[in-house]
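*Asks:*
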Amino acid sequence: MVRHVVSFYIVGQGAPTGSRPTVKIETMKARLLGQDQRAIAILVSAQQGEGHPADAVISAFLTDLGDVQLLADRAMGLR
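For reference, each letter of the sequence shown is one residue, going 0 to 78 in numbering that gives the first Met the number 0.
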């Protein structure tokens, strides 16, 4: 079985990123400057199947979902 995963990370009021180093930097910056340190990880995954490419399934899901930032804000209680 092969599973593809797309990761989004958000620190405080920042923009979504897939970069772990960026998340570490944003977290350190929030701590040093006394900013919002809340963080969230959103992982979207799909299993690769015959005739059902995982990347296409993930892309379709994210298109239907819309703005990942809105989902993150709701999950963190910001909206």
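Where is the CB? At the ideal position from N, CA and C, for every residue including glycine.
Bear in mind that the values here come from a model prediction, so they are computed numbers and not experimental data.
Within a Cβ cutoff of 6 Å, which residues of the same chain sit near Y8, ignoring the five residues on either side of it in sequence?
*Replies:* Result list for Y8: T16, V22 and A40, in chain order.
*Asks:* Check the C-beta distance from A38 over to V10 and give it rounded, since I have them as a contact under 8 Å.
*Replies:* 5 Å between Cβ atoms; contact.
*Asks:* Do you know offhand how far H3's Cα is from S58's?
*Replies:* So the two alpha carbons sit approximately 11 Å from each other.
*Asks:* Whole angstroms is fine: what's the gap from R30's alpha carbon to G50's?
*Replies:* R30 and G50: Cα-Cα distance of roughly 46 Å.
*Asks:* For S6, collect the residues of the same chain with a Cβ closer than 6 Å to its Cβ; drop the 5 residues on either side in sequence, then sort them by chain order.
*Replies:* Within the same chain, S6 has close Cβ partners G17 and L42.
*Asks:* At which residue ranges does the region 39-75 contain complete alpha helix (DSSP H) runs of 4 or more residues, listed in the order of the chain?
*Replies:* DSSP runs (the alpha helix (DSSP H)) wholly in the region 39-75: 53-64 and 67-74.
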